[in-house]
Amino acid sequence: MTQFTLVTPETADEIAKPILTQLKGKFGMLPNFFGALGIDGMSLDAFLALQAKLENSKFSKRDQELLALAVANYNGCHYCVSAHTFTAKRMAGMSEEECLEAQHGRAADAREQLIIDIALGVLKNRGNLDDALVERAKAAGFTEADIVQLTLFTALNSFTNWLNNIVDPKLDFPEVPLV
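So in UniProt numbering the end of the sequence shown lands on 179, straight run, no missing numbers.
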């Protein structure tokens, strides 16, 4: 595998330097993902801007972590499965079992299962969602806007998965295996 060199606030380009410095202060260390994404400051800046916009989503942190775990496992991203298991437990109050179930593409709650099904349907079918799934989602109260937003979350998570699969940063979260 080709080796990429993670950047730091000292080695990053002019766009990434202040952003990475701020992230290092926020977390008390610089997660390796940001050292990977910071290889290109414009990509780092755009990613964080989009992520900030999505903070106003109607989908809760729990919803987002369920989706992220299912997508990361589907995309084979060991780093993201480990990172999202950590954040799902700490920031969304999810249990170890719920995290593992999400990796398997399963949730106990019907609404949460639909979120996972939509995300995995987008990936498996390259965006061609099955009509029955769309109708099931609408019958459960999901709007077309909700489906668009879940597609965006799926794409954003896939981007981070693919980047981490390319760069292969060292895990700096407790290791969680892919299933």
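Ideal Cβ positions, reconstructed from N, Cα and C, are used throughout, including at glycine.
Distance between residue 33 and residue 42 (C-alpha atoms, nearest Å): Translated into positions along the sequence shown, residue 42 becomes position 42. Translated into positions along the sequence shown, residue 33 becomes position 33. If I take the Cα positions, the gap works out to 15 Å.
Does the Cβ-Cβ distance between residue 105 and residue 116 come in under 8 Å? As a first step, residue 105 is located in the sequence shown; it is residue number 105 there, counting from the start. As a first step, residue 116 is located in the sequence shown; it is residue number 116 there, counting from the start. Residue 105 places its beta carbon less than 8 Å from that of residue 116.
Determine the direct distance from the alpha carbon of residue 111 to that of residue 141, and round the result to whole angstroms. Working through the sequence shown from its first residue, we reach residue 141 at position 141. Working through the sequence shown from its first residue, we reach residue 111 at position 111. Spanning the two alpha carbons is a distance of roughly 9 Å.
Would residue 19 pass as a contact of residue 54 if the rule is Cβ separation under 8 Å? One-based indexing of the sequence shown puts residue 19 at position 19. One-based indexing of the sequence shown puts residue 54 at position 54. No, they are not a contact pair.
Determine the DSSP secondary structure at residue 31, reduced to helix, strand or coil. Within the sequence shown, the letter at position 31 stands for residue 31. In the three-state DSSP reduction, residue 31 falls in the coil class, being neither helix nor strand.
Over the uninterrupted alpha helix (DSSP H) stretch that includes residue 181, give me the two end residues. Nothing can be reported for residue 181: it is not among the residues displayed for the chain, which extend from 1 to 179.
On a CA-only basis, which of 87, 61, 172 and 36 is nearest residue 165? Give me that one, please. As a position in the sequence shown, residue 165 is number 165, starting the count at 1. The shortest C-alpha separation from residue 165 is found at 36.
Would residue 157 pass as a contact of residue 81 if the rule is Cβ separation under 8 Å? Position 157 of the sequence shown, counting from 1, holds the residue named residue 157. Position 81 of the sequence shown, counting from 1, holds the residue named residue 81. No. Outside cutoff.
The alpha helix (DSSP H) enclosing residue 59, as first and last residue numbers: The residue given as residue 59 occupies position 59 in the sequence shown. Counted as a single uninterrupted DSSP element, the stretch harbouring residue 59 is not any alpha helix (DSSP H), since DSSP gives it neither H nor E.
Assuming residue 114 and residue 122 form a contact by the criterion Cβ under 8 Å, report the distance between their Cβ atoms to the nearest whole angstrom. On the sequence shown, position 114 is the one that residue 114 refers to. On the sequence shown, position 122 is the one that residue 122 refers to. With a Cβ gap of about 13 Å, residue 114 and residue 122 do not count as contacting.
Are the CB atoms of residue 78 and residue 65 nearer to each other than 8 Å? Locating residue 78 in the sequence shown gives position 78, where the first residue counts as 1. Locating residue 65 in the sequence shown gives position 65, where the first residue counts as 1. Cβ distance not < 8 Å, so residue 78 and residue 65 don't count as in contact.
Of the residues 100, 95, 161 and 68, which one's Cα is nearest the Cα of residue 118? The sequence position of residue 118 within the sequence shown is 118, counting from 1. Out of 100, 95, 161 and 68, 68 has the C-alpha closest to the C-alpha of residue 118.
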